[in-house]
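Undergrad: Residue numbers (the numbering used here), protein chains in the order written: chain V, 1 to 291; chain S, 1001 to 1250; chain Z, 2001 to 2565.
Glycine included, every Cβ here is placed at the ideal spot set by N, Cα and C.
Encoded as structure tokens, here's the structure I'll be asking about.
In structure tokens form, the structure reads like this:
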């Protein structure tokens, strides 16, 4: 039971992070590899806001979301939009996003230095509860709640709102969307902003969960995020959700039964299995995408 | 000063080095039905896409009610009252019928209700994915989607393509109704006879240029139109005979 | 300023970049090379003999061999299950593999864990450069060979490559194995230079670095990886020389530089170097009259037969019950309104799509059960409705790829500079030149296919199809975008091809062209054959007129294909 809760908790963060990848992939068919850098940025900025500006942790989160959103807009404008019509567009966009990610991490290093940063003492509640024989901290509950809320909110946005309709339209057929009056450029930029905002919040939550943040955290989670979206299905929101939770649970149980050093291997085992057996993932549609 | 709602002057469209449209001019009066016919590859769809803002023209001017809208992007033209029903319908298959009608453009509940009245089958299938509709129903959906935006002019690109003739009858009946309500229509069609029967005025396109224009009835009776479609005129010398020709049936 | 280690690192960076180049040249984004390198490094560190016993040189040589073999085998292990993956999926799968390898090595007992294994110092700096030079040489010789061109074709347009007879699966695997071997060499040399084999040297960031190096250098030209390696190693050196401290500035500038290269110089640094493209030696032939007829591979007679062929997509009948026969020396036109099923029919004929019902026989092969490249090998060549050329290859190179099946492999002989390879290449070039002349593109031989006008591109596609010496030539709307003069020339060309014994199936909307050129015309409407016969008859058939121009009267009964028979 304890493991279950731990797994869900970390899994929800994985899911929140992976959703960023999947949103962009769904709309543009591109992988945005600057996303992990935004994840790290969210964590570090969050810590700074709490530490230096004295903001409460819970207020810092929306601020982090805003910062993430702005970063997303920049990445879209610089690394993806100019490359849209090139013949090697997929490669080029991927590498451009890698470049931007690298630049962002360098900037983070400039501002925050290379050392691990932590939240100041007392920044968040320490108390824990007993639930069905397992111990869970208030923090974990809140993280889980926030992640779930954000994901539910996003799902509602995509399924019910005008913007969500436009996003789905562009994801399915940008030309048809344009014909009907959708401002494709604006929708794409907004999608990027939302994806980055979620990624940044995921970073802040992650940092809260382990009470530390360092420059390399993006890289560490990057592959797991990729594994999640492949397992869940590229471009599928519920897939990212389920995939993330699945990964979190699988990791936690693997640590318990196989040993912690092999924990990261779980992601790739799942990834490989799925890619070979069912490349479109659990929820994805079988579409062939050429590079 | 022309009374034309839509006035296109010397339109040019290029794809890289290919000049698909080489100077096309046409007018659509308010409430009128004008058709653009011509063989495949003549440039009809390029004209429509350039006028509706999906493509950027490389030359020429487009005036909507006197206002220069050349090169303005599609989503803004939709708000100005010009909307396209694209070739092949292009409905968004994974979205429901209702969502297709609501996507983009202006969402006017009264107008939506009107569309449901006009196309009862859409009302029935409101919450089903658009991809589950038949070809004809999808065409109705595409037209309904355009009507929801309260257009002053609708650009119809090959509405009969891939549809059985009976369904084509229904589509053209709808086009008539729309026209009767005062919405101008610019119709691009491969099925020239059908289009010319429905229209007031017609333009015949070949090789990216207008080769003939006039009242639709006159074009309908004209031999030259048939020639433009079935290709070579009788003035061409026949090709030299080839030895060993087999001319059996399939 | 250029210390010894810098020089070696440049060579190693270039070598690693070559392992990416090996797959990028075929258009595959594989990122597993770090994993291959790691496995090779560990294997050779464990298995190589003690240099004290056999001498430095021998030990290193054995280590290299072990590394290359291990790398290649690892590549096969990764390449086979991922064979059907493309693009992003392949990238993620291979990246995952590399990470998995790293984690395993990090945690296994025999690998020494995070401390790794230590390795004796037996590497001279010149060795790294020697290996790099050898690899660069091999890729230099590969590029203009038949194999190298096939890889480039797969990168540019995989479907078109298949239809010229290239076995894509085999070539992809070969590229993978090459990458594995080169990565293995890199792993070994790195280990022996750094004298330590640790998992962290072969991690995610290493993989990304290798990709970036390959890309910045230029992923389509053999010189690219060397330039990339030199450049990216030089950048930190330059920064150091300029007094820019380590820390955040260097990675920032590196990222900025990369971004600039991607945005403004998509071909990488190598695009700044003028390229030698294959050219025709001497003057081209005197003209089409001097061109020998393409070899026909089947006796005159029935070249293809379709019986009762049907294709359904969901509830839509794209093609219904079509019977058709094609004979050598005959030009058959296939016409019909948009959506009538013409291209679907042709796709079934060429093996891209299996029919839902019915039998097809093409030159003794059942295309429903045969991969596309084997249908091509049987003697079928085609052009496509949307032009599918190899855009970044020249017109001449495009046609050379078209002759893939009829030319002999030259790569291995080129490595040894054997004169027979040169002879074969020259013969292939002459043949390609003749095909270009035949369609009137002789003067455009050295232009990139992507830079040609649309009409020229259509003609180039035909030249490429001709290069294979086909028995059945399928042309899908070849005259699209041509003016009257060009269409006339096309008509003459098609007639002369038929006179040479080819069977030609021509889909066209230019009905005039069809009527002028074809012996027989088949009209398709709503997936069924409306009528078929000599052009004059078909032209006057009222049903054909109705199908194209529209019904005479709104009250007419629809004339179905069945009623028409």
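(1) Can you tell which of 1045(S), 1024(S) and 1094(S) has its C-alpha closest to the C-alpha of residue 236(V)?
(2) Residue 97(V): which of 241(V), 85(V), 118(V) and 78(V) sits nearest, CA to CA?
(3) Decide yes or no for the touch test of the segment 2107–2123 of chain Z against the segment 2223–2238 of chain Z: beta carbon pairs closer than 8 Å, at least 3 of them.
(4) Could you list which residues in chain S have their beta carbon closer than 8 Å to that of residue 2454(Z), in chain order?
(5) Under a three-way DSSP split, which group does residue 84(V) fall into?
(6) What in chain C is Cβ-close to residue 1093(S), meaning under 9 Å?
(7) Less than 8 Å between CB atoms is the rule here; does residue 181(V) satisfy it with respect to chain S?
(8) Evaluate contact between the segment 2425–2432 of chain Z and the segment 2382–2401 of chain Z, counting only Cβ atoms and requiring at least three cross-stretch pairs below 8 Å.
(9) Identify whether residue 1213(S) lies in helix, strand or coil by the three-state DSSP scheme.
(10) So which residues of chain V does residue 1102(S) contact, with C-beta pairs closer than 9 Å?
(11) Which word fits residue 2094(Z), buried or exposed, when buried means at least 16 other C-beta atoms lie within 10 angstroms of its C-beta?
(12) Whose Cβ in chain V lies nearer than 7 Å to the Cβ of residue 1176(S)?
(13) Of all the options 1043(S), 1140(S) and 1069(S), which has the alpha carbon lying nearest to the alpha carbon of residue 1206(S)?
(14) Which residue or residues does DSSP assign as beta-bridge partners of residue 2115(Z)?
(15) If you drop the 5 nearest sequence neighbours on each side, which residues of the same chain put their C-beta closer than 6 Å to that of residue 198(V)?
(16) Does residue 2431(Z) come within less than 8 Å of chain S when only Cβ atoms are used?
(17) Counting beta carbon pairs with one atom in the segment 205–217 of chain V and one in the segment 32–43 of chain V, are three or more of them shorter than 8 Å?
(18) Report the three-state DSSP secondary structure of residue 2159(Z) (helix, strand or coil).
(19) Give me, in chain order, the residues of the same chain whose beta-carbon lies closer than 8 Å to that of residue 247(V); leave out the 5 immediate sequence neighbours on both sides.
(20) Using the Cα positions of residue 2326(Z) and residue 191(V), report the straight-line distance between them to the nearest angstrom.
(21) Whose CA, out of 1088(S), 1148(S), 1201(S) and 1081(S), lies closest to the CA of residue 1112(S)?
(22) Would you decide whether residue 2204(Z) is buried or exposed? Buried here means 16 or more other CB atoms lie within 10 Å of its CB.
(23) Put residue 1184(S) into one of helix, strand or coil per three-state DSSP.
(24) Checking contacts by CB at 8 Å: is residue 109(V) closer than that to chain Z?
(25) Please confirm if residue 268(V) has its CB atom under 8 Å from at least one CB of chain Z.
(26) Which residues in chain V sit within 8 Å of residue 1052(S), going by Cβ to Cβ distance?
(27) Does the Cβ-Cβ distance between residue 2239(Z) and residue 2257(Z) come in under 8 Å?
(28) Do you know offhand how far residue 1151(S)'s Cα is from residue 1062(S)'s?
(29) Please tell me whether residue 2453(Z) and residue 1013(S) are closer than 8 Å, where the distance is taken between their beta carbons.
(30) Residue 2504(Z) and residue 2521(Z) look like a contact to me (Cβ under 8 Å); what is the Cβ gap, rounded to whole Å?
(31) State the DSSP-derived secondary structure class of residue 2282(Z), mapped to helix, strand or coil.
(32) Could you check what DSSP says for residue 1158(S) in three-state terms: helix, strand or coil?
(33) So, with DSSP's three-state summary, where would you put residue 1022(S)?
(34) In angstroms, rounded to a whole number, what distance separates the CA positions of residue 144(V) and residue 2195(Z)?
(35) When we look at the beta-carbon of residue 2296(Z) and count the other beta-carbons within 10 Å, is it buried (16 or more) or exposed?
(36) May I ask you to report which of helix, strand or coil DSSP gives residue 1127(S)?
TA: According to the structure shown:
(1) Working through the first chain from its first residue, we reach residue 236(V) at position 236. For the residues 1045(S), 1024(S) and 1094(S), the minimum Cα distance to residue 236(V) belongs to 1094(S).
(2) Indexing the first chain from 1 puts residue 97(V) at position 97. Among 241(V), 85(V), 118(V) and 78(V), the Cα nearest to that of residue 97(V) is on 78(V).
(3) no
(4) Indexing the third chain from 1 puts residue 2454(Z) at position 454. Simply 1015, 1016, 1017 and 1018.
(5) By 1-based counting over the first chain, the position of residue 84(V) is 84. Residue 84(V) falls in the coil class under three-state DSSP.
(6) Of the protein chains in the structure, V, S and Z, none is chain C.
(7) Position 181 of the first chain, counted from the first residue, corresponds to residue 181(V). Closer than 8 Å: yes.
(8) yes
(9) As a first step, residue 1213(S) must be located in the second chain, where it is residue number 213. Reduced to three states, the DSSP call for residue 1213(S) is strand.
(10) For the purposes of this step, residue 1102(S) is taken as the residue at position 102 of the second chain. The contacting residues are 162 and 165.
(11) The sequence position of residue 2094(Z) within the third chain is 94, counting from 1. Per the 10 Å Cβ criterion, buried.
(12) Taking the first residue of the second chain as 1, we reach residue 1176(S) at position 176. Simply none; closest approach about 23 Å.
(13) For this step, residue 1206(S) is matched to residue 206 along the second chain. Residue 1206(S) has its Cα closest to that of 1043(S), out of 1043(S), 1140(S) and 1069(S).
(14) In the third chain, the residue the question calls residue 2115(Z) occupies position 115. Partner(s): none; residue 2115(Z) has no beta bridge.
(15) The sequence position of residue 198(V) within the first chain is 198, counting from 1. Taken in chain order, the residues that qualify are 16, 19 and 20.
(16) Position 431 of the third chain, counted from the first residue, corresponds to residue 2431(Z). No - not a single Cβ of chain S is within 8 Å of the one on residue 2431(Z).
(17) yes
(18) Here residue 2159(Z) refers to the residue found at position 159 when the third chain is read from its first residue. Helix.
(19) One-based indexing of the first chain puts residue 247(V) at position 247. 11, 14, 224, 227, 228, 231, 266, 267 and 270, listed in sequence order.
(20) One-based indexing of the third chain puts residue 2326(Z) at position 326. One-based indexing of the first chain puts residue 191(V) at position 191. Using only the alpha carbons, I get a separation of about 53 Å.
(21) Position 112 of the second chain holds residue 1112(S). Nearest option by C-alpha distance: 1148(S).
(22) Sequence index remark: in the third chain, residue 2204(Z) carries index 204 (1-based). Buried.
(23) Walking along the second chain from the start, residue 1184(S) turns up at place 184. Strand.
(24) By one-based count along the first chain, residue 109(V) stands at place 109. It does: the Cβ of residue 109(V) has a partner Cβ on chain Z nearer than 8 Å.
(25) For the purposes of this step, residue 268(V) is taken as residue 268 along the first chain, with counting starting at 1. Answer yes: the Cβ-Cβ gap between residue 268(V) and chain Z drops below 8 Å somewhere.
(26) Your numbering for residue 1052(S) matches position 52 in the second chain. Near residue 1052(S) (Cβ distances below 8 Å), the residues of chain V are 179.
(27) As a first step, residue 2239(Z) must be located in the third chain, where it is residue number 239. As a first step, residue 2257(Z) must be located in the third chain, where it is residue number 257. It is not a contact, given that the beta carbons lie outside the stated cut-off.
(28) Walking along the second chain from the start, residue 1151(S) turns up at place 151. Walking along the second chain from the start, residue 1062(S) turns up at place 62. Rounded to the nearest angstrom, the two C-alpha atoms are 17 Å apart.
(29) Numbered from its first residue, the third chain carries residue 2453(Z) at position 453. Numbered from its first residue, the second chain carries residue 1013(S) at position 13. Not closer than 8 Å, so no.
(30) Mapped onto the third chain, residue 2504(Z) falls at position 504. Mapped onto the third chain, residue 2521(Z) falls at position 521. Not quite, the Cβ-Cβ distance comes to about 13 Å (not below 8 Å), so this is no contact.
(31) Reading the third chain from its first residue, position 282 is the one you call residue 2282(Z). Residue confidence for residue 2282(Z) is low, a pLDDT of 48 falling below 50, so the modelled location carries little weight; the figure read from the coordinates is stated next. Coil.
(32) Residue 1158(S) sits at position 158 when you count from the first residue of the second chain. Residue 1158(S): coil per DSSP, three-state reduction.
(33) Residue numbering aside, residue 1022(S) sits at position 22 when the second chain is read from its first letter. Here residue 1022(S) sits in strand by DSSP.
(34) As a working note, residue 144(V) is residue 144 in the first chain. As a working note, residue 2195(Z) is residue 195 in the third chain. Their Cα atoms are separated by approximately 47 Å.
(35) By 1-based counting over the third chain, the position of residue 2296(Z) is 296. In this prediction, residue 2296(Z) scores a pLDDT of 45, lower than 50, which makes its location untrustworthy; the coordinate-derived value is nonetheless stated afterwards. Buried: at least 16 other Cβ atoms inside 10 Å.
(36) Residue numbering aside, residue 1127(S) sits at position 127 when the second chain is read from its first letter. DSSP places residue 1127(S) in coil when its eight states are reduced to three.
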